[in-house]
Every structure is written in structure tokens, then in C-alpha cells.
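Each protein sequence line maps, in turn, to chains A and B. Numbers in the numbering used here are just positions in the first sequence, counted from 1, shifted up by 2. Numbers in the numbering used here are just positions in the second sequence, counted from 1, shifted up by 22. See below for the structure under consideration.
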Amino acid sequence: MEQHIVSAFTDELEQLSADLLGMGGLAEAMIRDACRAVVTRDTALAQTVIDRDAELDAQETECEREVIRLLALRQPLAADLRQVIGAIKLANAIERVGDLAKNIAKRSFAITQEDNRAALHGVERMGQAVSRQLRIALDAYARGDAATAMSVVEQDDDIDSHYNALLRSMLVYMIEDPEQLDARSNFLFIVKNLERIGDHCSNIAKVVYFIATGEPVLSKAERRAIDAAQSKEITS
Amino acid sequence: MADTSSTETVTNSLSADMGDIKIDCRNVNVYYGDKQAIFDVTMTIPDKAVSALIGPSGCGKSTFLRCMNRMNDTIDIARVDGQIFMEGADINDPSIDPVLLRSRVGMVFQKPNPFPKSIYDNIAYGARIHGLAADSSELDEIVETSLRRAGLWDEVKDRLSSPGTGLSGGQQQRLCIARAIAVSPEVILMDEPCSALDPIATSRIEELIDELRERFCIVIVNQSMQQAARVSQRTAFFHLGNLIELGDTETIFTNPADKRTQDYITGRFG
């Protein structure tokens with residue numbers, strides 16, 4: 003997009019966007035490292051994830067401060083307004099992703115006795131899938147790319163089916179060996195956290211879509227209703 | 023810019039909180055001598071709503087506003103073609119008396135311009151020349167009602183014989199609005215009515231505009247986009263004499279369809 007006449011305004015919007023991408027990168031690394039800490043039982047790595055969450059919280063606060071300043075001093079409109087309002091929603095969603103990654107890291111301490119290769123493998127794969135979703139959503143944000151954002155929303159179903167499959171296999175293990183219930187219930191929370199991170203990625207992508215187009219992402223039911231109305235119009 | 027008329031985004035549909043179409047402008051062109059200032063503008067203006075005309079300096083918004091009460095007639099080299107219907111009658115028809123038209127279509131200007139007379143006479147003048155009051159008590163009533171509607175009565179009721187020019191800028195502008203509504207117009211045109219006022223006086227005028235829209239069709243030209251966003255229900259964006267985009271104000275300021283509208287309201291060109 004072209005520069006504003008007041009170039010400081012352009013600089014501030016670019017800074018806001020760079021800050022958000024920085025937050026997103028931090029959260030993405032936290033997901034990856036939290037899952038790695040679970041799989042490799044690396045307590046030192048888990049501790050670094052926990053420590054990084056405070057940094058992410060501080061960045062969210064800074065982002066909110068910048069948004070309030072832009073609203074008060076620049077009175078952004080149209081696409082600029084969507085970018086500024088979107089920024090506050092994105093910062094909040096990314097901060098929540100960080101909280102969930104931190105929770106995964108904390109639970110990694112409790113499962114160091116666990117020796118379930120299939121479960122560990124499942125966590126690793128699901129962790130890779132959600133951090134990939136986050137990376138694609140952030141790339142879409144950086145480029146203002148509505149189509150890519152939409153693809154992230156659509157792929158959330160894959161994460162959900164991944165989660166359901168993993169959940170079922172965990173329940174089977176738990177029934178098989180009730181003595182390990184304590185450790186294995188932590189696995190359940192870990193995969194649940196990953197599933198919720200997936201939901202946040204989908205929400206992030208919806209905000210990116212809104213910033214780019216000014217339109218909300220419709221639910222499947224809403225889209226079906228519109229398609230049905232349109233095809234009715236064509237046939238009548 | 024090349025021919026832009028084919029890319030206009032004009033949404034003429036009116037929402038439920040507005041009245042019917044009050045003014046219907048069709049293919050309006052305005053020329054100053056050889057120079058064309060307005061290019062083929064077609065738009066409708068709803069009753070009981072505020073329509074804002076925005077755009078960069080020289081885009082033709084004031085020129086277009088002045089078509090609606092034939093103020094351009096007073097400029098020798100100006101020529102208007104196309105049709106402007108007010109409730110079905112073409113206001114440019116030779117049978118229409120421009121003086122009577124201007125009593126139906128009042129105007130408020132950028133700089134408050136009270137007559138060099140008393141506050142009372144500023145309001146009473148129009149009512150007298152149009153013969154709206156049968157006696158002095160009726161005239162008193164018109165003066166009081168107009169000043170009340172303009173939100174000025176309490177501030178001036180004890181000094182109605184003082185000169186209007188002795189009021190503050192914001193009060194003078196409300197006096198001019200009171201003067202405009204004293205002749206019971208149907209439409210009020212406002213050409214940047216707040217640009218000479220401080221923020222408090224501006225807020226008072228904006229509040230007044232919001233109250234007046236229950237009774238009148240209001241068309242306002244704004245340099246301040248934020249003000250257009252605050253006071254209007256519909257917004258028209260003009261650029262280089264063309265109407266680029268017309269729609270409900272919320273859409274224009276949150277998700278405009280045309281890139282030129284977007285660039286203008288986000289401060290990307292002047």
C-alpha cells in the first residue's frame with residue numbers, strides 16, 4: 003500500500019506489524035521447544051519455554067499500549083483501522099498461545115518417567131502441525147494474504163482429527179496400565195493444549211482475513227446458506 | 023485520471039432510519055467557462071438524514087452543494103446541466119423562483135456571517151420578507167423557536183437587541199443556523215460549518231446537526247473526515263469533479279470499495 007502523507011504514521015503501523023510478527027515468532031518457537039522438551043525429556047529446555055512466556059506477556063502489553071496511542075493520536079480509518087484493531091486481537095491470541103506452550107512445558111516435568119513412544123511421537127507430530135499453522139497464518143499476516151489465511155482456517159479440521167485420534171489411543175493406554183494414570187493424564191492435557199493452540203491459529207487467521215478484506219470469515223453453515231440462496235436465484 | 027465514471031461505486035439504497043428520497047440528482051455537470059468542475063454526477067439524497075460530501079480541495083464538493091439551491095446562478099460564468107429534482111420538481115426549471123427555492127433550501131457557510139443587526143432581527147429578517155408571521159407575537163414565537171432549536175436561546179434570551187456580531191464564533195454560527203431554520207426550510211446545506219470553530223463549539227454544532235436531522239434533510243460539506251464520520255449517515259466521496267463512491271457512512275469509513283476513497287480517508291493523498 004502507498005505511504006501516508008504523514009510518513010511517521012506509516013512507520014508506526016509498520017512497527018506495530020513487525021512487533022506482532024516478532025511475538026508470533028517467539029510463540030512459534032515456544033510451541034516447538036515445549037514439544038521437543040516433552041519428547042526428549044529435556045527439563046532445561048522446558049524451563050526456557052516457561053521463562054520466555056514472561057517476555058511474550060510484556061510484548062503483548064507493549065503492543066496494546068501502541069494500539070491505544072495510534073487510536074488516540076492518528077485516528078486510523080478503513081484498512082488502517084482494521085489493521086490497528088486486528089493488532090490488538092492478534093497480540094491477545096498470540097499471548098494465549100504462549101500460555102498454552104508454557105503449560106505444555108510445565109507438564110513435561112511430570113512425564114519424565116513415561117516411556118510411551120507412540121504417544122511421544124503423536125505429540126511431536128501434532129506440535130509440528132500446529133506450529134506450522136501458526137507460521138502460515140503469520141506469513142499471511144505479513145503479506146496481507148486473505149487466501150492463505152482462509153486455508154489455515156480450513157485446515158483446523160485436520161488438527162482436530164489429529165487430536166481425536168491421539169486422544170483415543172491415549173485412552174486405550176490408560177485403560178491398559180492404570181498405574182501410569184497420573185503421568186498419562188498429563189499427556190491428555192498436553193494434546194488438549196495443542197488442540198487449543200490450533201484453535202487460536204484459526205482465530206489468528208480469521209483476523210488476518212478480516213484485516214485484508216474487511217469481511218468476517220463465515221462459518222460453514224453460513225456459507226452453505228449463502229450458496230443455497232445463490233443457486234436458488236440462478237435456477238429460478 | 024482517465025474516465026472514472028465507469029468505476030463509480032454508488033449505493034443509492036437507503037437504510038430504515040432515513041426518510042424517503044428528498045433530492046434526486048441526475049447527470050449533473052457544472053462548468054465554469056470552459057472548465058468543467060463536476061462530471062455527470064448522479065446521486066440521491068435522503069430526507070431526515072445527514073449526507074456528507076467529502077474529498078480533497080478542489081474536488082467539486084462545494085460546487086455540487088451549491089447546485090442544490092442554485093447558488094451557482096450568482097456566478098456569471100457558471101453553467102449547470104443535468105437535472106436536480108426536489109420532490110419531483112426540477113429545481114432548474116425556468117418556472118422555479120430561485121428566491122423561493124432558497125427559502126426551502128437554507129444554507130450555512132464556513133464563516134459565521136450574521137447580518138450587522140440585532141440578534142432578534144437576524145432571525146426575524148427572513149420570516150418578515152417571506153411573510154411568515156401575521157403579527158409581532160407570531161414573529162416573537164418564530165424567533166424563540168428557532169433560537170431554541172439552534173440551542174442558543176438560553177445564552178441570548180436576555181440580550182436579543184444586542185448585535186449578532188457581538189457573539190462568540192460558535193454562537194454566531196448557531197445564530198446563522200437559527201436564521202436558516204427560521205423560514206422553515208426543508209433542506210439545510212452546510213458548507214464546512216465548523217472549520218472556523220474551536221472543538222467545544224464544534225461539538226455543540228455537531229450535537230445540533232444530530233437533533234436537526236429529525237426534521238430536515240441535511241447536506242454537509244466537510245474538510246474534517248472525522249466530523250463527516252461523526253455527523254452523517256451517508257457519505258459521498260468526490261475526486262476531480264467525479265462522484266467516486268457513495269454509501270452508508272459506516273461502510274465508507276471502515277471498508278470503502280474504491281481504492282481512491284481508501285487512499286483519501288486514510289491520508290494517503292491530499
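The beta carbon of each residue, even a glycine, is placed where N, CA and C say it ideally should be.
What residue does the beta strand (DSSP E) around residue i start on, and which one ends it?
i                      : result
residue 239 of chain A : Because chain A is modelled from 3 through 238, residue 239 of chain A falls outside the range shown and cannot be assessed.
residue 47 of chain B  : 43 to 54
residue 6 of chain A   : Per DSSP, residue 6 of chain A belongs to no beta strand (DSSP E) and is neither H nor E.
residue 133 of chain A : Here residue 133 of chain A belongs to no beta strand (DSSP E); instead the alpha helix (DSSP H) covers 119 to 145.
residue 128 of chain B : 127 to 130
residue 157 of chain A : Neither: residue 157 of chain A is in no beta strand (DSSP E) and is coded neither H nor E.
residue 285 of chain B : It is not in any beta strand (DSSP E) - residue 285 of chain B instead sits in the alpha helix (DSSP H) that spans 281 to 287.
residue 59 of chain B  : 57 to 68
residue 213 of chain B : 209 to 213
Tell me where the alpha helix (DSSP H) around residue i begins and ends.
i                      : result
residue 83 of chain B  : 83 to 89
residue 239 of chain B : Element bounds for residue 239 of chain B: not the alpha helix (DSSP H) but the beta strand (DSSP E), 239 to 243.
residue 101 of chain B : No alpha helix (DSSP H) contains residue 101 of chain B, which is instead part of the beta strand (DSSP E) from 100 to 108.
residue 104 of chain A : 80 to 112
residue 271 of chain B : 271 to 276
residue 217 of chain B : Neither: residue 217 of chain B is in no alpha helix (DSSP H) and is coded neither H nor E.
residue 202 of chain B : 191 to 204
residue 234 of chain A : 222 to 237
residue 219 of chain A : Run containing residue 219 of chain A: none; DSSP gives neither H nor E here.
residue 176 of chain B : 175 to 178
Could you check how far apart the C-beta atoms of residue i and residue j are, in whole angstroms? I think they sit under 8 Å.
i                      : j                      : result
residue 254 of chain B : residue 273 of chain B : Not confirmed; about 12 Å, so no contact.
residue 89 of chain A  : residue 18 of chain A  : 5 Å
residue 213 of chain A : residue 290 of chain B : At roughly 17 Å, the Cβ-Cβ gap does not stay under 8 Å, so residue 213 of chain A and residue 290 of chain B are not in contact.
residue 211 of chain B : residue 110 of chain B : The Cβ separation is near 20 Å, so there is no contact.
residue 86 of chain B  : residue 60 of chain B  : 6 Å
residue 84 of chain B  : residue 256 of chain B : With a Cβ gap of about 18 Å, residue 84 of chain B and residue 256 of chain B do not count as contacting.
residue 267 of chain B : residue 280 of chain B : 5 Å
residue 239 of chain A : residue 197 of chain A : The structure shown does not extend to residue 239 of chain A, since chain A spans only 3 to 238, so no value can be given for it.
Considering Cα atoms alone, identify which of the options is closest to residue i.
i                      : options                       : result
residue 214 of chain B : B:171, B:284, B:168 and B:249 : B:249
residue 95 of chain A  : A:39, A:210 and A:168         : A:210
residue 154 of chain A : A:176, A:192, A:83 and A:141  : A:141
residue 80 of chain A  : A:135, A:161 and A:217        : A:217
residue 152 of chain A : A:21, A:28 and A:136          : A:136
residue 124 of chain A : A:146, A:144 and A:164        : A:164
residue 182 of chain B : B:102, B:57, B:97 and B:145   : B:145
residue 128 of chain A : A:167, A:138 and A:68         : A:167
residue 122 of chain B : B:282, B:176 and B:91         : B:91
residue 187 of chain A : A:25, A:102 and A:109         : A:109
residue 150 of chain A : A:184, A:207 and A:99         : A:207
residue 194 of chain A : A:106, A:171, A:184 and A:138 : A:106
residue 49 of chain B  : B:152, B:244 and B:63         : B:63
residue 168 of chain B : B:98, B:198 and B:252         : B:198
residue 202 of chain A : A:113, A:77 and A:157         : A:157
residue 171 of chain A : A:161, A:159, A:189 and A:184 : A:189
residue 190 of chain B : B:135, B:261, B:104 and B:152 : B:135
residue 204 of chain A : A:224, A:48 and A:131         : A:131
residue 47 of chain B  : B:65, B:207 and B:57          : B:65
residue 118 of chain A : A:176, A:103 and A:197        : A:176
From the DSSP output, which residues share a beta bridge with residue i?
i                      : result
residue 65 of chain A  : DSSP output for residue 65 of chain A lists no bridge partner at all.
residue 163 of chain B : In the DSSP output, where bridge partners are listed per residue, residue 163 of chain B has none listed.
residue 185 of chain B : B:140
residue 152 of chain B : Answer by DSSP bridge pairing: none, since residue 152 of chain B is not bridged.
residue 73 of chain B  : B:241 and B:256
residue 111 of chain B : B:108
residue 264 of chain B : B:261
Handout entry: Residues of the segment 81 to 96 of chain A whose Cβ lies closer than 9 Å to any Cβ of chain B, in chain order
Key = Against chain B - using a Cβ distance shorter than 9 Å - the residues of the segment 81 to 96 of chain A are 81, 82, 83 and 84.
Exercise. Got a sec: which bits of the segment 245 to 272 of chain B sit with their beta carbon under 8 Å from any beta carbon on chain A, in order along the chain?
Worked result: The segment 245 to 272 of chain B vs chain A, Cβ under 8 Å: 247, 248 and 251.
Practice task
For the segment 216 to 237 of chain A, enumerate the residues whose C-beta is nearer than 9 Å to any C-beta of chain B, in chain order.
Solution key: Within the segment 216 to 237 of chain A, the residues whose Cβ lies closer than 9 Å to some Cβ of chain B are 216 and 217, listed in chain order.
- Return the residues of the segment 274 to 288 of chain B that lie within a Cβ-Cβ distance of less than 9 Å from chain A, sorted by chain order. Listed in sequence order: 274, 275, 276, 277, 278, 283, 284, 285, 287 and 288.
Report task. Select from the segment 46 to 80 of chain A all residues with a C-beta closer than 9 Å to any C-beta belonging to chain B, and list them in chain order. Result -> Of all residues in the segment 46 to 80 of chain A, only 76, 77, 78, 79 and 80 place a beta-carbon less than 9 Å from a beta-carbon of chain B.
If the cut-off is 7 Å on Cβ atoms, which residues from the segment 214 to 237 of chain B count as contacting chain A, listed in chain order? Those would be none; no residue qualifies.
Practice prompt. Compile a chain-ordered list of the residues in the segment 10 to 25 of chain A whose CB is closer than 8 Å to at least one CB of chain B.
Written response: Listed by position along the chain: 11.
- [ ] Could you please tell me which residues of the segment 122 to 137 of chain A, in chain order, have their CB closer than 9 Å to any CB of chain B?
- [x] Those would be none; no residue qualifies.
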